[in-house]
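Throughout the sequence shown, residue numbering follows the UniProt record's numbering, covering 1 to 260 in sequence. For glycine and all other residues, C-beta sits at the position ideal for the given N, C-alpha and C.
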Amino acid sequence: MSEQAIQSVNDVEYFDVRLYLTRLYEQKLSRKSAARKISSLRSFYKFLAREKLANDNPFSAVSLPKLEKRLPEFFYEEELNCLFESCETDSPLGKRNKALLELLYATGMRVSECSQISLKDIDMALSTVLVHGKGQKDRYIPFGSFAQDALELYITEGRKELLTGRESHDRLFVNFRGGPLTPRGIREILNKMIQKSSLEGTIHPHMLRHSFATHLLSNGADMRTVQELLGHAFLSSTQVYTHVTNEYLRKTYLNTHPRA
Numbered sequence: 001m002s003e004q005a006i007q008s009v010n011d012v013e014y015f016d017v018r019l020y021l022t023r024l025y026e027q028k029l030s031r032k033s034a035a036r037k038i039s040s041l042r043s044f045y046k047f048l049a050r051e052k053l054a055n056d057n058p059f060s061a062v063s064l065p066k067l068e069k070r071l072p073e074f075f076y077e078e079e080l081n082c083l084f085e086s087c088e089t090d091s092p093l094g095k096r097n098k099a100l101l102e103l104l105y106a107t108g109m110r111v112s113e114c115s116q117i118s119l120k121d122i123d124m125a126l127s128t129v130l131v132h133g134k135g136q137k138d139r140y141i142p143f144g145s146f147a148q149d150a151l152e153l154y155i156t157e158g159r160k161e162l163l164t165g166r167e168s169h170d171r172l173f174v175n176f177r178g179g180p181l182t183p184r185g186i187r188e189i190l191n192k193m194i195q196k197s198s199l200e201g202t203i204h205p206h207m208l209r210h211s212f213a214t215h216l217l218s219n220g221a222d223m224r225t226v227q228e229l230l231g232h233a234f235l236s237s238t239q240v241y242t243h244v245t246n247e248y249l250r251k252t253y254l255n256t257h258p259r260a
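Here it is, written out as structure tokens:
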């Protein structure tokens with residue numbers, strides 16, 4: 001849009017908007033950024049029209065750029081094995097870290113949810129954990145023998161040592177001072193564990209949750225069940241993992257089939 005040709009908001013026409021869009025793409029702006037700019041201008045003109053400061057909205061006929069859907073990143077099973085094998089359990093913090101890692105992968109809970117788990121939320125007899133999710137929605141999630149063994153070792157030995165001489169509390173995971181672990185603290189611990197392992201590339205703690213869902217679905221779990229376990233309010237949030245699962249199955253096929 002030319003500053004010389006356009007003197008007021010009513011001078012902007014559909015052709016000018018198309019030219020503006022072209023300029024945005026020439027600047028190699030991401031689709032998300034371009035969509036945000038167009039949406040802002042559309043809302044601005046909507047306001048002007050409502051206040052009778054503009055005759056119409058030249059942005060109303062423009063479709064927002066389709067956003068690229070980013071598929072969740074996840075660990076392959078062999079990568080997770082490397083991560084678990086890199087855990088040491090000789091120290092109280094090592095026992096805690098192993099239990100933390102095992103529980104997150106076994107349940108798929110969010111880091112923020114994990115930081116809120118108390119001792120009373122863990123039922124060792126039933127191998128379940130009560131997770132306090134978003135919107136005050138609680139859910140029970142089972143966990144397997146690996147997580148159970150790691151938790152028992154941490155609770156009976158590691159946690160006791162970390163709380164020796166400290167003020168007692170009910171929070172499951174504690175820091176080196178004996179205080180409750182925060183979500184930020186959990187992320188820092190997981191990042192350090194990942195860095196110490198042989199894994200490469202861009203890796204983040206939320207990939208444990210993505211891996212949980214992907215591995216369940218690829219091994220035949222029902223979509224609704226996975227939705228409940230993840231604590232998703234909408235099935236559409238869980239369905240994104242079907243695309244990830246297809247890629248996971250493809251890689252597994254190529255790596256294992258003798259004539260792939």
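**Request:** Would you grab the beta carbon distance between leucine 104 and leucine 208 for me? Rounded to a whole angstrom, and I think it's under 8 Å.
**Result:** Confirmed, about 5 Å.
**Enclosing alpha helix (DSSP H) for leucine 80 [first to last residue]** = Looking at the DSSP string, the run of the alpha helix (DSSP H) that includes leucine 80 is 77–85.
**Residues bridged to proline 180 [DSSP beta-bridge criterion]** = Answer is Val174.
**Prompt:** Hey, threonine 89 and leucine 153: beta-carbon distance below 8 Å or not?
**Reply:** Cβ distance < 8 Å, so threonine 89 and leucine 153 count as in contact.
**Prompt:** Any idea what DSSP makes of histidine 210, helix, strand or coil?
**Reply:** Helix, per DSSP.
**Asked** Given 8 Å as the limit, is there contact between the region 71–80 and the region 205–224, that is, 3 or more CB pairs closer than that?
**Response** The answer is yes - the region 205–224 touches the region 71–80, with three or more Cβ pairs under 8 Å.
**Asked** Among residues of its own chain, excluding the 5 on either side of glutamate 113, which ones have a beta-carbon nearer than 7 Å to its beta-carbon?
**Response** Cβ neighbours of glutamate 113 beyond the five flanking positions: Val131, His132 and Gly133.
**Asked** Whose C-beta lies closer than 7 Å to the C-beta of leucine 181 among residues of the same chain, with five residues either side of it excluded?
**Response** Scanning its chain for C-beta atoms nearer than 7 Å, with the 5 sequence neighbours on each side dropped, one finds around leucine 181 the residues Ser115, Phe173, Val174 and Asn175, in chain order.
**Request:** Take threonine 238 and list the residues in its own chain whose beta-carbon comes closer than 8 Å to its own, dropping the five residues that flank it on each side.
**Result:** Counting only Cβ-Cβ distances below 8 Å, and skipping sequence neighbours, we find Ala213, Met223, Val226, Gln227, Leu230 and His232.
**Prompt:** Can the beta-carbon of alanine 19 be found closer than 8 Å to that of serine 39?
**Reply:** In the sequence on display, residue 19 carries leucine and not alanine. No.
**Prompt:** From glutamate 85 to threonine 256, what does the alpha carbon distance come to, in whole angstroms?
**Reply:** Their Cα atoms are separated by approximately 23 Å.
**Message:** Within the continuous alpha helix (DSSP H) that includes threonine 245, where are the two ends?
**Reply:** Secondary structure note for threonine 245: its alpha helix (DSSP H) is the uninterrupted segment 235–256.
**Asked** Since proline 58 contacts tyrosine 25 with CB under 8 Å, what's their CB separation in whole angstroms?
**Response** Contact flag wrong, Cβ pair sits at about 18 Å.
**Request:** Give a single yes or no on whether leucine 208 has its beta carbon closer than 7 Å to a heavy atom of the ligand NAD.
**Result:** Absence of the ligand NAD is noted for the structure shown, with no ligands found whatsoever.
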